[in-house]
Each structure stands twice: as C-alpha cells, then as structure tokens.
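Colleague: This is the structure I want to talk about, given as structure tokens.
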Amino acid sequence: MLSLAVRFVATKGSKTSTGSILILCRVKPGVSANREGVSGISDLGVEVCVAARAKEGEADRAVMAIIAEAGRRQEICRQYIPNKHEALKVPQSDVEIIKGLKSREKTVMVGNIKMSGSPEEHVEKIKATLHERAGT
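Residue 1 is where the sequence shown starts when you use UniProt numbering, and the numbers rise one by one after that.
Shown next as structure tokens:
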C-alpha cells in the first residue's frame with residue numbers, strides 16, 4: 001500500500017527507472033538543537049523538527065538539509081561517500097520544497113532517484129529509513 005506521506009513519481013519519458021520522491025512534512029521550527037531531525041512518521045506525514053526559526057527561509061533550508069541527511073545515511077537511493085552527518089543518500093541539491101514555503105505543511109521533493117525494484121518497495125525502504133531516523 002502506498003502511503004500519502006511518501007510517494008514515488010516516475011520521470012515522464014525516461015528510459016531508465018528514475019523519478020522523484022514526494023514527502024509530506026509537518027515542520028516544527030525553533031526547537032532545541034538536540035531535538036532537531038525527523039521526530040515522527042505516519043501515513044499522513046513526516047514530522048520534522050528544526051532549530052532554525054521560521055524567518056527568511058532558514059527553517060526551509062534546515063528541512064531540506066535534514067531530508068537530504070536522511071537519504072545519505074541509508075543506501076536506498078544512490079551510492080555516495082558515506083558521511084556521519086547524512087540521512088536519504090542524496091545530495092542536498094536534489095532536495096527541494098515544492099509546496100508550502102510559507103507554511104508548516106510542506107511537500108518536499110527528492111529528485112534524481114534511481115529505482116531498484118517496484119515503486120512500493122522503494123517507498124517502504126524510504127519510510128523505514130525515516131522511521132529509523134525518528135527512533136520509532
């Protein structure tokens with residue numbers, strides 16, 4: 001079953017199995033630095049806590065960094081040199097907020113994902129990584 005929180009979108013007209021992952025996030029800005037990160041995940045969204053304040057895009061940049069970090073820690077997207085500060089195994093330049101720039105409810109797109117297996121399997125791997133990051 002595909003959840004609403006994490007979805008795979010195939011690239012149109014691509015001959016290879018690539019696409020983007022859409023992640024629905026609920027952002028809590030201004031938390032203490034030791035609480036920063038993915039704090040929870042459900043079928044409706046991913047809760048992300050950031051220490052940055054919600055002004056001049058600071059919290060948005062922090063959300064993109066946390067999602068990119070979630071991607072780099074697990075080998076679910078592509079191969080990169082591991083880094084202890086990494087979370088979906090993707091460079092931060094592949095992470096973009098496509099909806100909700102002025103809201104706590106955001107849709108984050110992780111682009112250039114090379115898929116191995118079915119979209120459902122890929123989404124489940126990403127959800128498992130986010131659950132691990134959240135400690136749930």
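The beta-carbon is built from N, C-alpha and C at its ideal position, and this holds for glycine as well. As the structure is a prediction and not an experimental result, all values here were calculated from the model.
1) For the structure I just gave you, are there three or more beta carbon pairs, one from the region 32–43 and one from the region 117–125, closer than 8 Å?
2) For Gly19, count the other beta carbons within 10 Å of its own beta carbon; 16 or more makes it buried, fewer makes it exposed. Which is it?
3) In this structure, what does DSSP give as the bridge partners for Ile41?
4) So, for Met109: in the same chain, excluding its five sequence neighbours on each side, which residues have a beta-carbon less than 6 Å away from its beta-carbon?
5) Tell me which residue opens and which closes the alpha helix (DSSP H) that Val123 is part of.
6) Under 9 Å between the Cβ atoms of Val9 and Lys106?
7) Considering only the beta carbon of each residue, do Val38 and Ala134 sit closer than 9 Å?
8) So what's Ala27 in DSSP terms, helix, strand or just coil?
9) Identify whether Ser93 lies in helix, strand or coil by the three-state DSSP scheme.
10) Tell me, please, which residues DSSP counts as bridged to residue 178.
11) Using the C-alpha atoms, what's the distance from His131 back to Gly45?
Modeller: Short version:
1) Judged by Cβ distances under 8 Å, the region 32–43 makes no contact with the region 117–125, as fewer than three pairs qualify.
2) Position 19 of the sequence shown holds residue 19. Under this definition Gly19 is a buried residue.
3) What you label residue 41 is simply residue 41 of the sequence shown in a count that begins at 1. Its beta-bridge partners are Val46.
4) By 1-based counting over the sequence shown, the position of residue 109 is 109. Cβ within range, chain order: Ser20, Leu22, Glu96 and Ile98.
5) To locate residue 123, count along the sequence shown from 1; it is residue 123. Following the DSSP letters along the chain, one finds Val123 inside the alpha helix (DSSP H) bounded by residues Pro119 to Ala134.
6) Position 9 of the sequence shown holds residue 9. Position 106 of the sequence shown holds residue 106. No, the pair does not count as a contact, with Cβ atoms beyond the cut-off.
7) The residue you call residue 38 lines up with position 38 of the sequence shown. The residue you call residue 134 lines up with position 134 of the sequence shown. Contact flag set, yes.
8) To locate residue 27, count along the sequence shown from 1; it is residue 27. Per the sequence shown, residue 27 should be read as Val rather than Ala. Val27 carries a strand assignment under DSSP once its states are collapsed to helix, strand and coil.
9) Taking the first residue of the sequence shown as position 1, residue 93 is located at position 93. Ser93: helix per DSSP, three-state reduction.
10) It is not possible to answer for residue 178, since the shown part of the chain is limited to 1 through 136.
11) Mapped onto the sequence shown, residue 45 falls at position 45. Mapped onto the sequence shown, residue 131 falls at position 131. Distance between the alpha carbons of Gly45 and His131 is about 12 Å.
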